[in-house]
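Contents: one structure, followed by commentary.
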Amino acid sequence: MSWIPEVASNFATKVDGVLLFVTILSVIFFLLVSILLVFFAVKYRRRREDEETPYITGNETLELIWTVIPSILLMVIFVYAFVVFRDMRNPPADATEINVTAKQWLWQFEYYNGKKTLNELYVQQNRPVRLVMKSEDVIHSFFVPAFRVKQDILGGRYTQLWFTPTKVGTFQLFCAEYCGTGHSKMLGKVVVLSPEAYDIWEKGAGTTEEIGVASLPAAERGEQLYKQSGCNACHSLDGSSGVGPSWKSLVGHKVTMQNGEEVTVDENYIRESILEPQAKIVKGYQPVMPSFKGILSDDDISALIAYMKTLE
Ligand code: CUA
Numbered sequence: 002m003s004w005i006p007e008v009a010s011n012f013a014t015k016v017d018g019v020l021l022f023v024t025i026l027s028v029i030f031f032l033l034v035s036i037l038l039v040f041f042a043v044k045y046r047r048r049r050e051d052e053e054t055p056y057i058t059g060n061e062t063l064e065l066i067w068t069v070i071p072s073i074l075l076m077v078i079f080v081y082a083f084v085v086f087r088d089m090r091n092p093p094a095d096a097t098e099i100n101v102t103a104k105q106w107l108w109q110f111e112y113y114n115g116k117k118t119l120n121e122l123y124v125q126q127n128r129p130v131r132l133v134m135k136s137e138d139v140i141h142s143f144f145v146p147a148f149r150v151k152q153d154i155l156g157g158r159y160t161q162l163w164f165t166p167t168k169v170g171t172f173q174l175f176c177a178e179y180c181g182t183g184h185s186k187m188l189g190k191v192v193v194l195s196p197e198a199y200d201i202w203e204k205g206a207g208t209t210e211e212i213g214v215a216s217l218p219a220a221e222r223g224e225q226l227y228k229q230s231g232c233n234a235c236h237s238l239d240g241s242s243g244v245g246p247s248w249k250s251l252v253g254h255k256v257t258m259q260n261g262e263e264v265t266v267d268e269n270y271i272r273e274s275i276l277e278p279q280a281k282i283v284k285g286y287q288p289v290m291p292s293f294k295g296i297l298s299d300d301d302i303s304a305l306i307a308y309m310k311t312l313e
């Protein structure tokens, strides 16, 4: 069915089954009611000026039928959907746990071995995963259409979600709860690796080369990081003002801070702004940027700087 997203998790077919069942039932009853409506309107129309409407008090058999059949159908829908829903709420005991932190406007994933990734969730094909999720600010929602899973993420308490990815590939992750100006750009990817590729990734040789992503020149890697790390949610490339200053022609230029101080944007200023965003706030902007300490490595920061230098 081309109107339904790709099937890539253990739940996808089950959820599609419920959807299809309810849709087909609805279509059948819609057609039944509309066709009968038109048919009766024509058949029992008034044909003469003096024609009188017959006096009908009711028909118990008919009323029983149109009460009992829909009631049974409703129970069937309930039980069918509940069985699928119950499955989705109960993760298996052997599921791999991954901690998810959502914040304006990025996704951070932390694995059992301490590895962290930004906006890219790495999971192994055919191995169940349980996500333990929290928000550092407002309500977000973790939504992967190809997996048919969606769960709100709240501040001050954990919510969970589980699935078993069944297909190797990269799948779109959306934030499905309006969470501020950067909401529509709060995107991520779920990367499903084969067991062999996951092994290599897990041991953390780290790079990407072995799992099929070529290594790139610094500026190009910076460009990827700009999107992957969520910089694009707040910093434009075309000079337009966003939640944060645009990156266009930023490096080497002077900017005015909130306290009136003038600072030249150089490597150290950028590094400081990434690791300690509250240290110096450019005039006219709010101190809302999260720290990327422990999230972006020194290499990543250098790549971002290299990329920023190309934006003249
Ligand atoms: Cu986070 Cu919308």
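Just add 1 to wherever you are in the sequence shown, counting from 1, and you've got the working numbering. Just so it is clear, CB atoms sit at the ideal spot from N, CA and C, and this is done for glycine as well. Owing to the predicted nature of the structure, the values given are computational and were not obtained by experimental measurement.
Under DSSP, Cys-176 takes part in a beta bridge, and its partners are Phe-143. Here the distance from the Cβ of Met-187 to the nearest heavy atom of ligand 1 is below 7 Å. Tyr-179 has its Cβ nearer than 7 Å to a heavy atom of ligand 1. Annotated as proximal: Ser-230 and Leu-297, with beta-carbon spacing under 8 Å. Note on geometry: alpha-carbon atoms of Ile-73 and Val-28 lie some 17 Å from one another.
Boundaries around Lys-228 are those of the alpha helix (DSSP H), 219–229, since no beta strand (DSSP E) includes it. Non-local C-beta neighbours of Ala-280 in its own chain, meaning closer than 8 Å and more than five positions away in sequence, comprise Glu-273, Ser-274, ordered along the chain. Between the region 81–88 and the region 155–171 there are fewer than three inter-stretch CB-CB distances shorter than 8 Å, so the stretches are not counted as touching. For the set Asn-114, His-184, Leu-162, the Cα lying nearest the Cα of Met-134 is the one of Leu-162. Taking the Cβ atoms as the reference, Val-130 lies roughly 6 Å from Phe-164, within the contact range of under 8 Å. For Pro-288, the closest C-alpha among the options Ser-10, Val-244, Ser-250, Glu-263 is that of Val-244.
Here Gly-295 is actually not in contact with Lys-151; their C-beta atoms are around 28 Å apart, not less than 8 Å. Separation of the CB atoms of Lys-190 and Thr-171 is rounded to 5 Å, and the pair is thereby assigned contact status at 8 Å. In this structure the region 173–193 does not touch the region 255–269; the number of beta carbon pairs closer than 8 Å is below three. Closer than 7 Å to some heavy atom of ligand 1: that describes the Cβ of His-184. Take Gln-126, set aside five residues on each side of it, and the residues of its chain with a beta-carbon closer than 8 Å to its own are Pro-166, Thr-167, Lys-168, Val-169, Val-193, Leu-194, Ser-195, Pro-196, Tyr-199, in chain order.
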